[in-house]
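Residue numbering for the sequence shown follows my numbering, starting at 8 and increasing by one per position.
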Amino acid sequence: MKKRRGAHTGLSTQAAERLRPRLEAFMAATDARARIGFDPVEFPHRYRDPRDVEVSALLAAALAYGRADLFRPKVHGLLARMGPSPAAFVRALDVAGARELLTGFVYRFNVGTDLAVLLLGMGRALREHGSLEALFVQGWKASGALHGALAAFTAALRDIPMAALREALGPERGLHHLLPSPLGPGAAKRLNLYLRWMVRGPDAVDFGIWKQVPASVLLVPLDTHIGRMALHLGLTRRTDLTWRTAEEVTASLRALDPMDPVRYDFALCHYGMSGACPAKTLPEHCARCSLLSSCKVGPRVVARAALQI
Numbered sequence: 008m009k010k011r012r013g014a015h016t017g018l019s020t021q022a023a024e025r026l027r028p029r030l031e032a033f034m035a036a037t038d039a040r041a042r043i044g045f046d047p048v049e050f051p052h053r054y055r056d057p058r059d060v061e062v063s064a065l066l067a068a069a070l071a072y073g074r075a076d077l078f079r080p081k082v083h084g085l086l087a088r089m090g091p092s093p094a095a096f097v098r099a100l101d102v103a104g105a106r107e108l109l110t111g112f113v114y115r116f117n118v119g120t121d122l123a124v125l126l127l128g129m130g131r132a133l134r135e136h137g138s139l140e141a142l143f144v145q146g147w148k149a150s151g152a153l154h155g156a157l158a159a160f161t162a163a164l165r166d167i168p169m170a171a172l173r174e175a176l177g178p179e180r181g182l183h184h185l186l187p188s189p190l191g192p193g194a195a196k197r198l199n200l201y202l203r204w205m206v207r208g209p210d211a212v213d214f215g216i217w218k219q220v221p222a223s224v225l226l227v228p229l230d231t232h233i234g235r236m237a238l239h240l241g242l243t244r245r246t247d248l249t250w251r252t253a254e255e256v257t258a259s260l261r262a263l264d265p266m267d268p269v270r271y272d273f274a275l276c277h278y279g280m281s282g283a284c285p286a287k288t289l290p291e292h293c294a295r296c297s298l299l300s301s302c303k304v305g306p307r308v309v310a311r312a313a314l315q316i
């Protein structure tokens with residue numbers, strides 16, 4: 008098969024060897040624990056039981072879109088009302104309980120019925136499979152690919168009788184955004200974020216509680232911050248936020264660490280989130296960036312600013 012003109016299949020060995028020590032130093036300088044409070048992963052860190060972790064994590068990841076100061080209160084409020092064990096809550100949840108919890112719930116694209124499907128789907132998975140991990144692994148083994156596994160996972164979670172829910176809470180509105188099925192060509196950022204939390208680690212950020220899935224198969228949770236950082240570091244040439252771009256970025260990261268390619272995600276994403284690498288490049292930011300020597304954009308920005316002076 009001929010390689011498409013301009014296709015980018017990951018960093019070369021030489022480029023990976025140049026970038027690796029700089030990126031390792033960049034990660035070592037990142038205070039991951041301090042950044043957890045700015046990340047939806049803060050919610051599952053409240054729990055110790057693996058089932059509570061995986062349930063609270065999927066709820067947090069599913070709603071982690073838009074501004075953090077808007078979705079965080081929504082996740083916090085739901086978890087507070089679900090009690091000390093989110094897993095026990097969803098195991099016992101029925102339509103009447105969903106109506107009590109979710110009447111009047113609205114967050115951007117999503118309404119109570121959308122969230123009820125997610126919570127009831129998780130409860131059914133725990134009752135029938137024992138864990139969300141077991142449900143995911145079933146689809147992964149059947150498909151043999153991450154995209155197929157996530158598609159099967161979301162389809163199974165959505166396999167809930169809808170008539171009674173619609174009668175209790177009204178029609179769904181953004182269910183496909185919350186739990187995309189079919190998965191489609193998008194990057195599925197929030198689902199891949201959830202997998203990163205569950206599979207890799209344990210460390211200061213990620214939990215490593217799903218033992219049947221290797222970290223080597225994970226895909227970077229691609230968003231605007233990672234997309235921008237990836238372009239600047241030459242991890243991809245693609246500018247769209249699609250599954251294919253996530254694969255290219257991950258292929259480059261796999262050249263740095265074949266066994267755990269997405270371990271770089273948290274530090275890179277939060278560097279962009281913090282404003283240190285904004286969408287509109289600023290010479291004063293670029294000049295003090297520890298990755299400047301590996302950047303495709305920053306040196307030109309700094310040089311132009313120096314000429315103007």
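Backbone N, C-alpha and C fix where the C-beta goes; we use that ideal spot for every residue, glycine too.
query: The alpha helix (DSSP H) with Ser301 in it runs from where to where?
result: No alpha helix (DSSP H) contains Ser301, which DSSP labels as neither H nor E.
task: Compute the Euclidean distance between the alpha carbons of Arg25 and Asp267, then round it to the nearest angstrom.
output: 18 Å
query: Under the DSSP definition of a beta bridge, which residues are partnered with Gly193?
result: Thr249
- request: Starting from Trp147, follow the alpha helix (DSSP H) in both directions and report where the run begins and ends.
  value: Leu139 to Ser150
field: Where Val60 sits in the DSSP three-state scheme
entry: helix
- prompt: Relative to the C-alpha of Glu254, which residue among Cys293, Gly279 and Leu226 is closest?
  reply: Leu226
- prompt: Under three-state DSSP, which class holds Tyr201?
  reply: helix
message: So the candidates are Pro168, His277, Gly137 and Asp56; which of them puts its Cα closest to the Cα of Arg98?
response: Gly137
Limits of the unbroken alpha helix (DSSP H) element including Ala286: No alpha helix (DSSP H) holds Ala286; DSSP gives it neither H nor E.
query: Three-state secondary structure (DSSP) at Tyr271?
result: helix
task: Please report the residue range of the alpha helix (DSSP H) in which Leu242 lies.
output: Run containing Leu242: none; DSSP gives neither H nor E here.
- request: Give a yes or no on contact between the region 163-176 and the region 127-134, applying the rule of three or more CB pairs nearer than 8 Å.
  value: yes
message: Within 10 Å of its beta-carbon, does Pro189 have 16 or more other beta-carbons around it, so buried, or fewer, so exposed?
response: exposed
- prompt: Helix, strand or coil: which one does DSSP assign to Val206?
  reply: helix
- request: Would you tell me roughly how many angstroms separate the C-alpha atoms of Ala69 and Ala195, rounded to the nearest one?
  value: 10 Å
For Val113: DSSP bridge partner residues: Val118
- prompt: Going by Cα to Cα distance, which pick from Val124, Leu18 and Gly44 is closest to Gly104?
  reply: Val124
query: Enumerated in chain order, which unbroken segments of the alpha helix (DSSP H) with a length of 4 residues or greater are wholly contained in the region 70-98?
result: 75-89
query: To which residues of the same chain is Leu100 closer than 7 Å at the C-beta, ignoring the five residues directly before and after it?
result: Leu126, Leu127 and Gly130
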